[in-house]
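Taking it in order: structure first as structure tokens, then the write-up.
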Amino acid sequence: MRAREWLSDLRGGWRGPAMRRITTAADGLAVGRDNFLLLRLLAASLVIYGHAPAITGGRGWPDIFVWLGWGSYSGDLAVNVFFVVSGFMIAGSYLRRRHLGDFLWARLLRIYPAYLLCLLGTALVLGAACTGLPLHDYYGSHEVVRYVTKNVQLGKGLVWELPGVFTGNPKLAFVNGSIWTLPAEVRMYLWVALAGVLGILSRRWCCHLLLAALFVCGLLAPAHVPLVPLASFLRLAGYFALGVFCCVNRERIPTGWWCVAGLAALAWLLHATPLYPFAFALALTAFVFAFAYASPWLGCLRFGDYSYGLYLWGYPMQQLVAHLAPRLTPAGNILLAWPLAMLLAVLSWHLVEQPALRLKSLPGAMQAKARGMFARIRAGG
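Just so we're aligned, residue 1 is where the sequence shown starts under the UniProt record's numbering, counting upward by one.
This is the structure in structure tokens:
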């Protein structure tokens, strides 16, 4: 019986609490259970795995995905997964709210509290502990203030180094190389907000036209895609757009592993052609939804979403380990850095992120209170 159920899962999707079969992303949303939290946590861990060889000086194994000939290393693959999931969820978030202020407030609460904690923690605590400068010189340096104030703007020119910090590390003195994706993420939020306000997101054919136009612009004039100022953002925008497409067409997006197998085979056949990156992107997107909806729900992360904190703190902890033990292999760096980053991610979630997310309803509550006050004034008058 177990083998039969497992084969059934592979063909179409697992059965939820109401024994409802999940065959599309819309079915998965209706059931209300998915493995997105686990997928994001695995992706954040994969970023740590991908950074380890560079942080330890280029020693160690070849990246497993490069060795397999996938054309991307593990860090890029993980970030691609993040942006597919983000596009799907962020578009859904706007469609549920359909209110620009509430949407932007929710996005602000999700991005900034944990990010600001990471910036201040790395600048004021980690940097001070690892700098080669006297503490009064370190804290008196304009570069420490600039690291926080410049990076918090999430512009295209981020600051990577702190004075005297990690300068003796095996390869790079970057404090947090992972934050490069956050400016791209924020710009994708703005695209969703714009499409939502104009009514494009809620009209499938309009959304298809917009995504097609942006795709053509990305191919023919990549330097002129609006809100995508850097070439490195273009790939991320493409994967985010795939997530948005899947949200808008959720009733037609299959979630079975058979779809992953078919698209993976297509990508393999096109491996030596210019079409391979596009076929691979479709296969990876199919994997995201199969993992989320066509796999048995594990429910192991019901205590919190630690993926964002793990992503933010992974690189600084790897650099800290490389600073303290520069001769460690990539495996040793991962084994020490991952638990440290995970601990900080847990603290970030429970002390900062979760309390901040409880404020999502604040604008609505304030509006309701204001309406009630004006109603009482009119009634009294």
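Glycine is no exception: its CB is placed at the ideal position from the N, C-alpha and C atoms.
Bear in mind the structure is a predicted one, so any value in this text is a computation, not a measurement.
Helix, strand or coil at residue i [DSSP, three-state]
{"i": "G16", "result": "The predicted model places G16 with a pLDDT of 45, which falls under 50 and marks its position as unreliable; any figure quoted below should be read in that light. Correct three-state label for G16: coil."}
{"i": "T181", "result": "helix"}
{"i": "V225", "result": "coil"}
{"i": "P339", "result": "helix"}
{"i": "V175", "result": "coil"}
{"i": "T24", "result": "strand"}
{"i": "V165", "result": "strand"}
{"i": "P170", "result": "coil"}
{"i": "P254", "result": "strand"}
{"i": "G157", "result": "coil"}
{"i": "H208", "result": "helix"}
{"i": "V47", "result": "helix"}
{"i": "G243", "result": "helix"}
{"i": "Y73", "result": "coil"}
{"i": "K150", "result": "helix"}
{"i": "G196", "result": "helix"}
{"i": "H271", "result": "coil"}
{"i": "R358", "result": "helix"}
{"i": "R33", "result": "coil"}
{"i": "G238", "result": "helix"}
{"i": "S202", "result": "coil"}
{"i": "P62", "result": "coil"}
{"i": "L39", "result": "helix"}
{"i": "G140", "result": "coil"}
{"i": "L214", "result": "helix"}
{"i": "G262", "result": "helix"}
{"i": "L219", "result": "helix"}
{"i": "L351", "result": "helix"}
{"i": "T344", "result": "Note on identity: in this sequence residue 344 is Leu, with Thr being the wrong assignment. Three-state DSSP puts L344 in a helix."}
{"i": "L190", "result": "helix"}
Any non-hydrogen atom of the ligand FAD within 7 Å of residue i CB
{"i": "F233", "result": "The ligand content of the structure shown is nil, which means the ligand FAD is not present either."}
Member of the options whose CA lies at the smallest distance from the CA of residue i
{"i": "L266", "options": "F280, I253 and W257", "result": "F280"}
{"i": "residue 438", "options": "P229, Y115 and W313", "result": "Nothing about residue 438 can be reported from this structure: the residues present for the chain run from 1 to 381 only."}
{"i": "R154", "options": "V125, L227 and R97", "result": "This sequence places Leu at residue 154; Arg is not what is there. Measuring from the Cα of L154, the nearest candidate turns out to be L227."}
{"i": "G92", "options": "F240, Q318, G50 and L343", "result": "F240"}
{"i": "I253", "options": "W268, T285, G50 and T273", "result": "T285"}
{"i": "R96", "options": "E251, C247 and T131", "result": "C247"}
{"i": "P53", "options": "E185, V225, I334 and L282", "result": "I334"}
{"i": "E143", "options": "A341, P163, P62 and S86", "result": "P163"}
{"i": "Y293", "options": "H350, W258, A264 and A184", "result": "W258"}
{"i": "A30", "options": "W313, R250 and V148", "result": "R250"}
{"i": "H271", "options": "L37, S72 and A25", "result": "S72"}
{"i": "A325", "options": "I64, Y276, F166 and T122", "result": "F166"}
{"i": "D63", "options": "P330, V152 and M317", "result": "P330"}
{"i": "W313", "options": "T24, A25, L126 and G332", "result": "L126"}
{"i": "Y138", "options": "A123, A221, V216 and L68", "result": "A123"}
{"i": "L39", "options": "V288, L194 and S141", "result": "V288"}
{"i": "F278", "options": "Q319, L219, S178 and R146", "result": "L219"}
{"i": "K360", "options": "W70, A43, G50 and P113", "result": "P113"}
{"i": "C130", "options": "G332, Q318 and T24", "result": "Q318"}
Contacting residues, own chain, Cβ-Cβ under 8 Å from residue i (five flanking each side not counted)
{"i": "W180", "result": "L158 and S232"}
{"i": "L328", "result": "T56, V321, A322 and L336"}
{"i": "L211", "result": "A241, V244 and F245"}
{"i": "V346", "result": "G304, Y306 and G309"}
{"i": "S86", "result": "E185, M188, F240 and G243"}
{"i": "C217", "result": "H224 and V225"}
{"i": "L119", "result": "Y147, V148, N151 and V152"}
Own chain residues within Cβ distance below 6 Å of residue i, not counting five before or after
{"i": "L46", "result": "S74 and A78"}
{"i": "V192", "result": "I90, A91 and Y94"}
{"i": "L336", "result": "V321"}
{"i": "L263", "result": "L282, A283 and A286"}
{"i": "V197", "result": "L100"}
{"i": "A18", "result": "Because A18 carries a pLDDT of 41, less than 50, the predicted location of this residue cannot be relied on, and the following value inherits that uncertainty. Closer than 6 Å at the Cβ level, and outside the excluded window around A18, lies no residue."}
Contacting residues, own chain, Cβ-Cβ under 7 Å from residue i (five flanking each side not counted)
{"i": "L41", "result": "L301, Y306, S307 and L310"}
{"i": "W338", "result": "S45 and I48"}
{"i": "V186", "result": "I111 and L154"}
{"i": "L117", "result": "S348 and V352"}
{"i": "N35", "result": "F291, A292, S295, W297 and L298"}
{"i": "I200", "result": "C206, C207 and L210"}
{"i": "L230", "result": "K156"}
Minimum Cβ-Cβ distance from residue i to chain B less than 8 Å
{"i": "P134", "result": "The structure shown contains no chain B, having only a single protein chain."}
Quiz item: Which whole runs of the alpha helix (DSSP H) in the stretch 75-134 are 4 residues long or more, in chain order?
Solution: 100-120 and 127-130
Quiz item: If we count Cβ pairs, one from each stretch, closer than 8 Å, do we get three or more for the stretch 230-248 versus the stretch 67-83?
Solution: yes
Exercise. Specify whether the stretch 50-64 and the stretch 171-191 touch according to this definition: at least 3 beta carbon pairs, one from each stretch, less than 8 Å apart.
Key: yes
Self-check item: Segments of 4+ residues assigned as alpha helix (DSSP H) that fall wholly inside the stretch 273-339
Solution: 276-293 and 307-324
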